[in-house]
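A.B. asks: Below is the structure I would like to discuss, written out as structure tokens.
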RNA sequence: GGGCGCUUAGCUCAGCUGGCUAGAGCACUUCGUUUACACCGAAGGGGUCGGGGGUUCGAGUCCCUCAGCGCCCACCA
């Protein structure tokens, strides 16, 4: 078979993936025998195409999976997709808007079904794209976050918490979008700087002794004020504490209270409190047992709790009229331009209204406590470890979790309320029913759904069929959770808390936090700026392996780095190098070669190469165990390119050892397979040295014995070749020079090889040499160069002498330091002495050589 | 305001618990069609490791400090 000169990935990749899939190579091996390794993929959003970040993610998950599979472990990489609750619904709503419809045209059930179909249609790409990335995940275990087992798990967890008193229903301030009609978690609110004004309002004291001036950016909320707060140690207001004010525009009398949260230096130092529409005010109201007046309704208009004049007005409208009325009454002290940050809905940009709403909450204290303990005990290893510390800090300040969302696309909350008693809530899983009858009482289902993160927090064990599943007993806790830093708090923290709560164990043993793939200039990729890099055209042009290696090259955990097309090209070239190494090998060994079980080193080059492979097997394994992908890749790159191709393969052109060459190629293909699965498998299949064998399921290479001394002698060959190349390049006399040596079995033996590698005319033994003496090697060798030409080399010699002088000086300085010889390890001191000796010897040689030149005149 | 991180060659970055004369890729210079590969081969140039101070026999690595950059969280009446 004649292989083309250039490796063309797209000719092979899809066939190779199909071969793996057909061979069931992705399924875990026999259960529980030689250890297990498991990763459950964080489920990407099912309604979107995979972006370049997922190409990185796929690589970071697939590399260790392939490595551990080759180590003989029962290995599982489980794929999934996320319904992405609110995300998907808003994408679908945009689509509806294009058709001139809105979600309010449909019932909750109709909407759910429509979004289901919409997401299902878009999910087609998902499998195709992960296959193109070479992800060796077990598709038979694919899980969607709305699969029955995930929903059931969420219900069981909710029930357990309900029974154990961790779930409560409470009226709390939520971040409410009046357009979408749903509340958001704190982390989902997007803050924007808004240029507005800050107004000062005069509230007259009821006893007529004056006014207290408060500052506000939201004057309309004054209709819901229930107190004014000042700092307890603020001398200006000390006498007013405990008095009341007459709230303008209303007939209400509200107290002046003292609370430490007030910043004396901000505004007037006096704050109006609107507990129903501001988190700080709410907290203060809790402390002081103040009433709460809901002034703004869920539709964004003023409620019936405000004077009738303002009822039903939209917030912006109400603001104008309130300001106008205040001014007329002389209660408006001042207004000044003011820029401050305001929470907005991250989808539609509507200003978020903090609003009182009945929600389901989880009491997080007991859960957080367990998680903090596990993290402090180091039961989960983090890459990098600093993320573990961050998570502990976060958990220590954790608030209760609002798990209700007022949208259709999600898992319905399995709770029903008695139509005759709004306090009477019951747990029931029959969420397909609107109303249920129990003991003659009628209950109506809660219309809310779970926050997506609530169900996905059970992902590590729900996907493995906790508690009865075989997968659960084999693969839990997971070996690794690989994810991005942005979901450390919303997801990773909750998986740990729920994992501990539900299963009693940490959900995973290690966490790898990846950094982001930024745009080439280091800025964030964004569709609107248009600097987004699509991974699939890159695969088309450079190959999936090149994309994978190009992305991990030089990347460390949790560090954001720009996309670099040159690294992709470089990796593509590397694949091509492997391809050509295989072509060469096949040419040498012939098409009929079959796998040899007993390769034996014969030459120095064999011993040297086997030592290199030995070292690389150990080093690559170590790197991969510690998820140091970039370093492993870089090491293998140099093993292949520098050691194997440039030295060993060149050596085989003089002295071929079929068994060793074949062994080395096999070992290299195996070591690189996790990084470049397609090209290595393509080569493996093309060579076909073993029948019906797949590289993906082959075993990690084992080292062969090699003679250390002989391997070191090959280094001497490299030294001589290196010096000859340097000199012949400097003097431009390549291909025309003969190397002479005196009485040396080593050169006798290695002469042909040195001649070939150094591009010499000949290598010959002589009685006494003449010409340019080699100074880098212990062996006595001369290059047969005429005096006139050789003289041009004297300046190089002078430079080398100067360098040797510097070496000797710095070593002398170190060795004459008594503290150094006394305190540094003896090994180091001996090493320094040895180095000094070598430097002095070398200098002598150089000086002698230079003198010869000068004598020769 | 709290937390985390970064600053090493022209560019993008490695450098793990302090120990040879600080590395890689790309870019650059010179040379080269040699039995796989020009997506190649050979040789080479290029760094006061952000500034200052300290600990140490020894600091890119540890500590303090200053400067610049970035991220996350909280707050913004």
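Residue numbers (this note's numbering): 118 to 974. A virtual CB, placed ideally from N, CA and C, is assigned to each residue, including glycine. Predicted model, so just to flag it, every value in this text is computed and none were measured.
#1: Could you give the distance in angstroms between the alpha-carbon of residue 798 and the alpha-carbon of residue 787?
#2: Which residue from 810, 805, 626 puts its Cα closest to that of residue 703?
#3: State the CB to CB distance for the pair residue 195 and residue 182, rounded to an integer number of angstroms; the pair is presumed to be in contact (CB under 8 Å).
#4: Taking residue 853 as the reference, which of 863, 902, 829 has the closest Cα?
#5: Are three or more beta carbon pairs between the stretch 508 to 516 and the stretch 455 to 473 nearer than 8 Å?
#6: Have a look at residue 430 and residue 419 and give me their C-alpha separation to the nearest angstrom.
#7: Which of the three DSSP states, helix, strand or coil, is assigned to residue 541?
#8: Using the C-alpha atoms, what's the distance from residue 779 back to residue 712?
#9: Could you round the C-beta distance between residue 157 and residue 595 to whole angstroms and report it? I think they count as a contact, below 8 Å.
#10: Per DSSP, which one or two residues make a beta bridge with residue 363?
#11: Does the Cβ of residue 473 have 16 or more other Cβ atoms within 10 Å, making it buried, or fewer, making it exposed?
#12: Rounded to whole angstroms, what's the CA-CA distance from residue 781 to residue 812? Just pull it up for me.
#13: Need the endpoints of the beta strand (DSSP E) that residue 284 sits in, please.
#14: Which residue marks the beginning of the beta strand (DSSP E) containing residue 881, and which one marks its end?
#15: Since I believe residue 144 is in contact with residue 575 (beta carbons under 8 Å), could you give me their beta-carbon distance rounded to a whole number of angstroms?
#16: Less than 8 Å between the CB atoms is what I'm expecting for residue 628 and residue 598, so what's the real figure, rounded?
#17: So, residue 963 versus residue 917, is the Cβ gap smaller than 8 Å?
#18: If you compare alpha carbons, which of 750, 230, 768 is closest to residue 794?
#19: With DSSP as the reference, label residue 482 as helix, strand or coil.
#20: In terms of DSSP beta bridges, what is residue 599 paired with?
#21: With residue 836 and residue 893 assumed to form a contact (beta carbons below 8 Å), what rounded beta-carbon distance in angstroms separates them?
#22: Would the stretch 163 to 181 count as touching the stretch 278 to 298 if we require 3 or more Cβ pairs under 8 Å?
#23: Does residue 555 pass the burial test, meaning 16 or more other C-beta atoms within 10 Å, or should it be called exposed?
#24: Taking contact to mean at least 3 C-beta pairs separated by less than 8 Å, is the stretch 372 to 380 in contact with the stretch 439 to 458?
#25: I think residue 517 touches residue 478, with their Cβ atoms under 8 Å apart; what is that distance to the nearest whole Å?
#26: Does DSSP put residue 712 in a helix, in a strand, or in coil?
#27: Measure the beta-carbon distance from residue 172 to residue 240 and round it to whole angstroms, keeping in mind my assumption that it falls under 8 Å.
#28: Which residues mark the beginning and the end of the alpha helix (DSSP H) in which residue 64 is found?
#29: Measure the alpha-carbon distance for residue 681 versus residue 178 and round it to whole angstroms.
#30: What's the C-alpha gap between residue 175 and residue 274?
#31: Look at the Cβ atom of residue 634, then the Cβ atom of residue 668, and state whether they are nearer than 8 Å.
#32: Assuming residue 362 contacts residue 427 (C-beta within less than 8 Å), just tell me the rounded distance between them.
#33: What number of angstroms, rounded off, separates the C-alpha of residue 882 from the C-alpha of residue 900?
#34: Have a look at 443, 568, 617, 388 and flag the residue whose alpha-carbon is nearest the alpha-carbon of residue 486.
#35: In angstroms with no decimal places, state the Cα-to-Cα distance between residue 258 and residue 823.
#36: Pull up the CB-CB distance for residue 318 and residue 340, whole angstroms please, since I reckon it's below 8 Å.
C.D. replies: Let me lay it out:
#1: Taking the first residue of the first chain as position 1, residue 798 is located at position 681. Taking the first residue of the first chain as position 1, residue 787 is located at position 670. Looking at the two C-alpha atoms, the distance is approximately 9 Å.
#2: Within the first chain, residue 703 is the residue found at index 586, counting from 1. Among 810, 805, 626, the Cα nearest to that of residue 703 belongs to 805.
#3: Along the first chain, read from residue 1 onward, the residue named residue 195 stands at position 78. Along the first chain, read from residue 1 onward, the residue named residue 182 stands at position 65. At roughly 10 Å, the Cβ-Cβ gap does not stay under 8 Å, so residue 195 and residue 182 are not in contact.
#4: Here residue 853 refers to the residue found at position 736 when the first chain is read from its first residue. Ranking 863, 902, 829 by Cα distance to residue 853 puts 902 first.
#5: no
#6: Within the first chain, residue 430 is the residue found at index 313, counting from 1. Within the first chain, residue 419 is the residue found at index 302, counting from 1. Computed Cα separation, rounded: 5 Å.
#7: Counted from its first residue, the first chain places residue 541 at position 424. Strand, per DSSP.
#8: Within the first chain, residue 712 is the residue found at index 595, counting from 1. Within the first chain, residue 779 is the residue found at index 662, counting from 1. Those two C-alpha atoms are separated by around 8 Å.
#9: Position 40 of the first chain, counting from 1, holds the residue named residue 157. Position 478 of the first chain, counting from 1, holds the residue named residue 595. Going by Cβ atoms, the distance from residue 157 to residue 595 rounds to 6 Å, so yes, they are a contact pair.
#10: As a working note, residue 363 is residue 246 in the first chain. Its beta-bridge partners are 370.
#11: Position 356 of the first chain, counted from the first residue, corresponds to residue 473. Classification of residue 473: buried, given that the 10 Å Cβ count is 16 or more.
#12: Along the first chain, read from residue 1 onward, the residue named residue 781 stands at position 664. Along the first chain, read from residue 1 onward, the residue named residue 812 stands at position 695. So the alpha carbons of these two residues sit roughly 15 Å apart.
#13: Reading the first chain from its first residue, position 167 is the one you call residue 284. Its beta strand (DSSP E) spans residues 284 to 294.
#14: Here residue 881 refers to the residue found at position 764 of the first chain. Note, residue 881: beta strand (DSSP E), 879 to 882.
#15: Counting from 1 along the first chain, the entry for residue 575 is found at position 458. Counting from 1 along the first chain, the entry for residue 144 is found at position 27. Not a contact, Cβ separation roughly 24 Å.
#16: Along the first chain, one-based indexing puts residue 628 at 511. Along the first chain, one-based indexing puts residue 598 at 481. Contact holds; Cβ gap of about 5 Å.
#17: As a first step, residue 963 must be located in the first chain, where it is residue number 846. As a first step, residue 917 must be located in the first chain, where it is residue number 800. The answer is yes: Cβ separation under 8 Å.
#18: The count along the first chain starts at 1 and reaches residue 794 at position 677. It is 750 whose Cα lies nearest to the Cα of residue 794.
#19: For the purposes of this step, residue 482 is taken as residue 365 along the first chain, with counting starting at 1. Helix, per DSSP.
#20: Within the first chain, the letter at position 482 stands for residue 599. BP columns for residue 599 point to 629.
#21: Translated into positions along the first chain, residue 836 becomes position 719. Translated into positions along the first chain, residue 893 becomes position 776. That pair is a contact at about 5 Å.
#22: no
#23: Here residue 555 refers to the residue found at position 438 when the first chain is read from its first residue. So residue 555 ends up on the exposed side.
#24: no
#25: Looking up residue 517 in the first chain gives position 400. Looking up residue 478 in the first chain gives position 361. Contact flag correct, Cβ pair sits at about 5 Å.
#26: Here residue 712 corresponds to residue number 595 of the first chain, with the count starting at 1. Residue 712: coil per DSSP, three-state reduction.
#27: Stepping through the first chain from its first residue, residue 172 is reached at position 55. Stepping through the first chain from its first residue, residue 240 is reached at position 123. Their Cβ separation, rounded to whole angstroms, is 18 Å, which puts residue 172 and residue 240 out of contact at 8 Å.
#28: Since the first and last residues shown for the chain are 118 and 974, residue 64 lies out of range.
#29: The residue labelled residue 681 in the question sits at position 564 within the first chain. The residue labelled residue 178 in the question sits at position 61 within the first chain. Their backbone Cα atoms lie some 21 Å apart in a straight line.
#30: Here residue 175 refers to the residue found at position 58 of the first chain. Here residue 274 refers to the residue found at position 157 of the first chain. If I take the Cα positions, the gap works out to 30 Å.
#31: Position 517 of the first chain, counted from the start, is the residue given in the question as residue 634. Position 551 of the first chain, counted from the start, is the residue given in the question as residue 668. The answer is yes: Cβ separation under 8 Å.
#32: Taking the first chain and counting its residues from 1, one reaches residue 362 at position 245. Taking the first chain and counting its residues from 1, one reaches residue 427 at position 310. With 8 Å as the limit, residue 362 and residue 427 do not qualify as a contact, their Cβ atoms being about 20 Å apart.
#33: As a first step, residue 882 is located in the first chain; it is residue number 765 there, counting from the start. As a first step, residue 900 is located in the first chain; it is residue number 783 there, counting from the start. Distance between the alpha carbons of residue 882 and residue 900: 12 Å.
#34: Indexing the first chain from 1 puts residue 486 at position 369. Nearest C-alpha to residue 486: 617.
#35: The count along the first chain starts at 1 and reaches residue 258 at position 141. The count along the first chain starts at 1 and reaches residue 823 at position 706. Whole-angstrom Cα-Cα distance: 44 Å.
#36: What you label residue 318 is simply residue 201 of the first chain in a count that begins at 1. What you label residue 340 is simply residue 223 of the first chain in a count that begins at 1. At roughly 12 Å, the Cβ-Cβ gap does not stay under 8 Å, so residue 318 and residue 340 are not in contact.
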